[in-house]
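The structure appears right after this line, and notes come after that.
Number of protein chains: 2
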Amino acid sequence: MRIVDMQLTPVAVHDPPLRNSWGIHEPVFLRVIVRLRTDDGLIGLGEAPGGGGMVQALEAARSHVIGTDPWQLEPLRVSLRNARLFSALEEPCLDLIGKATGRPVADLLGGTIRRRVPYAAYLFFKEAGEDEWGEVMSPKAMVQLAERWVERWGFRCLKVKGGVLEPDAEVETMRLLRERFGPQMGLRIDPNAVWSVETSRRAAHKLRDVDLEYLEDPCAGITGMAEVAKATHIPLSTNMCVTAFEHLPEAFRAGAVSVVLADHHVWEGLTGCVKLGKICHSLGWGLGQHSNSHLGITMAAMTHLAAAVPNLIYASDSHYPWLEEDVIKGPMFRFVDGCLDVPSGPGLGVELDEAKLAVFAEAYERNRSHGRDDVSAMRKRDSSWLPLKPRW
Amino acid sequence: MRIVDMQLTPVAVHDPPLRNSWGIHEPVFLRVIVRLRTDDGLIGLGEAPGGGGMVQALEAARSHVIGTDPWQLEPLRVSLRNARLFSALEEPCLDLIGKATGRPVADLLGGTIRRRVPYAAYLFFKEAGEDEWGEVMSPKAMVQLAERWVERWGFRCLKVKGGVLEPDAEVETMRLLRERFGPQMGLRIDPNAVWSVETSRRAAHKLRDVDLEYLEDPCAGITGMAEVAKATHIPLSTNMCVTAFEHLPEAFRAGAVSVVLADHHVWEGLTGCVKLGKICHSLGWGLGQHSNSHLGITMAAMTHLAAAVPNLIYASDSHYPWLEEDVIKGPMFRFVDGCLDVPSGPGLGVELDEAKLAVFAEAYERNRSHGRDDVSAMRKRDSSWLPLKPRW
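Heads up: the sequence lines are chains F and A, in that order.
Residues in the first sequence are numbered consecutively from 0, following numbering that gives the first Met the number 0.
Residues in the second sequence are numbered consecutively from 0, following numbering that gives the first Met the number 0.
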């Protein structure tokens, strides 16, 4: 089995005006659909972050891909010398291996530990837009959004993307969510490193009785996180200060975090995340999954990963509920009791809908000047906007 | 693909009178040949340490094996709750997966990084026995043994199993080896934790200009090793104080070692060793492979592992050169320039020779009372022998 062709299709997908500490999501997010074709006619499907930049980087790596055997993942990783590029190619390679062997990707990652994968409701403060959710810019509005999501999809864990309102208002948001949903609901907040160390400590103290699963990236950097960790019993999680294997020793020595949020687009692919899982287990750390705006191919990959890694017991984050249309054939993924069933495969178990893809690809042509630039998007509303970190 | 039968064949294999800090090898070593048969008629081959005890433990686990799909490795590991049991079963499962997919085991572990795997000459002090090597109980005799091994097999790295002669004599052995083989030869000594911390420090000081690759387990325990590590620039390696994932945090915090010697019979199988490899890479540690007396199935598995793990750059240990007959079909493995070519598979790429197996199985029936008990074997020569640790 040899890869004989790599087809890259950048796509732009409508995104609601979600707020975060950088600013606000642009009207579209950009992904690249990767298709690897083998000499025996199989197509391996992948979805990577980014638009033109990622396409260019993958094009530059074409000679490392064409002619290779999809099973040779470590040689490819070593050759590419770039975790994100490798991740973009490992996903379609695993899809190919799965299709060639008739196996779901979960089995290629060590087997299926769980058939239903729990996800967290990924709740954002947001402006009103062309979506059904309206403006969410207060603690009470956030509780109302959570109510609608829990009712519709049965989530048993709520993650709030913080760093948008004043810290006290976000603390209040978490208190209201606890009050509304009772002790069984998992709760997390992610201020996206926009709080100072002092503000983080003060907020953690105010959150002490809210019983958070964890506090995600309250402030920036391993040193700052370690200072916060000393001051609170709330576990700290990160997808910002520990994003590569080489960050692990310093974070461990410093006691900076106790939960790492894996992302197979970042951590050397799905196989890299399997290894990260074992490292977290060895270090006594928890493991979750980080998400960016994404389509159904990533949704399938994340679900296979969570199915295969024993200690991935935190509900995974996913932006998918914000998505209105997907590129995959058939119905979109639908959360039931906050969970997704693991696609049965072979491979990732999803197929591309060419007609839908054409629409998103055409949207990319109209929006190709957009990266994902939340700062610029915010400046269209407030020309003086600066993404200060820390802001508070 | 379901496993429908598990066949366990304990075997006894002739072993020369090799000395170590426990005593002396018994005249035979015991292994268990594991065969898993699937409903589609494939046979997965494995080789595990131990005799009757391992057979009993595997028999007790039969219900976890029969009816399962060999791809479901992590569910099996979690169910068995025992790293060594899992390892004994993971090897034949990977052989099955390889045979079902037409792939060498190296590809199942991430792909083939290297086609030729370097091994170290695993040199022992020994008594004269029914072997061609004669008595080796002095520094000079060890140099002569090394000369014969290097001439025959081309090893570029010499590992001396120490802890047998007085520490100064073993230091002298390493000096003589350096003198004889020049600066390009890799050199290691493994006193098997029989030195005290003080003796280890003193010996390390005396070895400071011998340019060892590493000093393996000079003394016992993470705390002791950390004390030695502080006193020397020679890297310390271990297969004794770090033998499970849960030992890693303490060893890292203490700075006890800088090289871990993997063993797929111990570290949750070949897939466990792949993960250990990534952990060592992340922590800035080196990675090698430990060995016990073994046959060709283990030889194949170790070679696939070393082929697949990028940072497994230390030459692996192997007792195989001490072996006179194997259970595998065809010629025995033969080291050339100190290396073995990776078997091309499918699976492990070795087959069982039923006639040879029958001989070893019959030898087991005659020797079943023997475990591997180097202390008892030594007492037959010296009734007052005690395996003191530390002895010096």
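C-beta atoms are modelled at their ideal positions from N, C-alpha and C, and glycine is treated no differently.
CB contact check: residue i to chain A, cutoff 8 Å
i	result
F:Gly283	yes
F:Leu72	yes
F:Pro309	yes
F:Thr37	no
F:Lys98	no
F:Phe85	no
F:Ile2	no
F:Arg114	no
F:Phe28	no
F:Val77	yes
F:Thr302	no
F:Thr237	no
F:Gly109	yes
F:Lys379	no
F:Lys229	no
C-alpha gap between residue i and residue j, whole angstroms
i	j	result
F:Glu350	F:Ala59	26 Å
A:Glu46	A:Arg30	7 Å
A:Val241	A:Leu57	25 Å
F:Ala243	F:Trp266	6 Å
F:His24	F:Ala376	7 Å
A:Glu90	F:Ser20	49 Å
A:Gly161	A:Val209	15 Å
A:Gly287	A:Leu186	14 Å
F:Ala145	F:Leu304	26 Å
A:Cys92	F:Val104	17 Å
F:Leu107	A:Arg102	13 Å
F:Lys274	A:Arg380	48 Å
A:Arg390	F:Ala192	55 Å
A:Arg151	A:Asp352	26 Å
F:Leu339	F:Phe85	26 Å
F:Ala140	F:Glu134	8 Å
A:Thr270	A:Phe359	29 Å
A:Val12	A:Ser382	25 Å
Span of the beta strand (DSSP E), counted from its first residue to its last, around residue i
i	result
F:Gly285	Gly285 to Gln288
F:Leu356	Counting along the chain, F:Leu356 falls outside any beta strand (DSSP E), though it belongs to the alpha helix (DSSP H) covering Glu353 to Asn366.
F:Thr8	Ile2 to His13
A:Ile23	Neither: A:Ile23 is in no beta strand (DSSP E) and is coded neither H nor E.
A:Val77	Segment Leu72 to Leu79 is the alpha helix (DSSP H) holding A:Val77; no beta strand (DSSP E) there.
A:Glu215	Tyr213 to Glu215
F:Val258	Val258 to Ala261
F:Thr237	Leu235 to Thr237
Cβ of residue i within 8 Å of any chain F Cβ
i	result
A:Thr242	no
A:Pro9	no
A:Leu260	no
A:Glu245	yes
A:Lys274	yes
A:His280	yes
A:Pro102	Looking at the sequence itself, residue 102 of chain A is Arg, so the reference to Pro does not match. Judged by the 8 Å Cβ criterion, A:Arg102 is in contact with chain F.
A:Asp394	Residue 394 of chain A lies beyond the range of chain A shown here (0 to 391); nothing can be said about it.
A:Gly254	no
A:Asp340	no
A:Lys139	no
Extent of the continuous alpha helix (DSSP H) run through residue i
i	result
A:Cys272	Gly268 to Leu282
A:Cys92	Ala82 to Thr100
A:Lys160	Element bounds for A:Lys160: not the alpha helix (DSSP H) but the beta strand (DSSP E), Cys156 to Lys160.
A:Asp106	Val104 to Leu107
Which of helix, strand or coil DSSP assigns to residue i
i	result
F:Ala228	helix
A:Met392	Because chain A is modelled from 0 through 391, residue 392 of chain A falls outside the range shown and cannot be assessed.
A:Asp373	helix
A:Leu304	helix
F:Val121	According to the sequence as given, residue 121 of chain F is Tyr; it is not Val. DSSP places F:Tyr121 in strand when its eight states are reduced to three.
A:Ile42	strand
A:Thr222	helix
Cβ pair residue i, residue j closer than 8 Å
i	j	result
F:Ala307	F:Thr172	no
A:Pro217	A:Pro234	no
F:Gly66	F:Arg1	yes
F:Ala253	F:Ala225	yes
A:Leu88	A:Val33	yes
A:Leu95	A:Leu35	yes
Residue-level contact to chain D via CB, residue i, 8 Å cutoff
i	result
F:Pro248	No chain D appears in this structure, whose protein chains are F and A.
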